[in-house]
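What follows is one structure encoded as structure tokens, with my remarks underneath.
Numbering (UniProt numbering), first residue to last: 1 to 109.
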């Protein structure tokens, strides 16, 4: 569920559909540029490529909680200076089906 406090700096979109038709979502987290601001560098973070590496979900939860905290001065400074593109779960089919390393097609990602 969307937090009204984050709507000004966090947007959720669908990157693609998996083989099973599940949505693979990504988030863009950044503070809006001021008119005279220089372009921001991007930071790309992804997790759960290998579904069995569940610790990736906990890492991602911590990253998202930190970056979307509207009251955290460090997170605000990072949002001012960077665009974060975050894919919390790159292999949703593997996670849903309990695979350890593979996609539905049997490929070791």
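Positions of the beta carbon are idealized from the N, C-alpha and C atoms, including for glycine.
In this text the structure is predicted, and so the values were computed from the model without any measurement.
Hey, how far is the Cα of residue i from the Cα of residue j?
{"i": "residue 44", "j": "residue 88", "result": "11 Å"}
{"i": "residue 30", "j": "residue 15", "result": "18 Å"}
{"i": "residue 101", "j": "residue 63", "result": "23 Å"}
{"i": "residue 145", "j": "residue 70", "result": "No statement about residue 145 is possible, as the shown extent of the chain runs from 1 to 109 and does not include it."}
{"i": "residue 80", "j": "residue 11", "result": "15 Å"}
{"i": "residue 73", "j": "residue 3", "result": "18 Å"}
{"i": "residue 22", "j": "residue 78", "result": "31 Å"}
{"i": "residue 57", "j": "residue 95", "result": "11 Å"}
{"i": "residue 7", "j": "residue 75", "result": "15 Å"}
{"i": "residue 27", "j": "residue 67", "result": "11 Å"}
{"i": "residue 109", "j": "residue 13", "result": "23 Å"}
{"i": "residue 59", "j": "residue 52", "result": "14 Å"}
{"i": "residue 24", "j": "residue 34", "result": "31 Å"}
{"i": "residue 37", "j": "residue 17", "result": "35 Å"}
Would you decide whether residue i is buried or exposed? Buried here means 16 or more other CB atoms lie within 10 Å of its CB.
{"i": "residue 47", "result": "buried"}
{"i": "residue 65", "result": "exposed"}
{"i": "residue 91", "result": "buried"}
{"i": "residue 54", "result": "exposed"}
Ignore the nearest five residues each way along the sequence and tell me which others in residue i's own chain have a CB closer than 8 Å to its CB.
{"i": "residue 42", "result": "82, 83, 84, 85"}
{"i": "residue 19", "result": "93, 103, 104, 105"}
Would you say the beta carbon of residue i is closer than 8 Å to some non-hydrogen atom of the ligand NAP?
{"i": "residue 18", "result": "Ligands in the displayed structure: none, and consequently the ligand NAP is not present."}
Enumerated in chain order, which unbroken segments of the alpha helix (DSSP H) with a length of 4 residues or greater are wholly contained in the UniProt domain "Peptidase M14" (1-109)?
55-67, 73-81, 92-97
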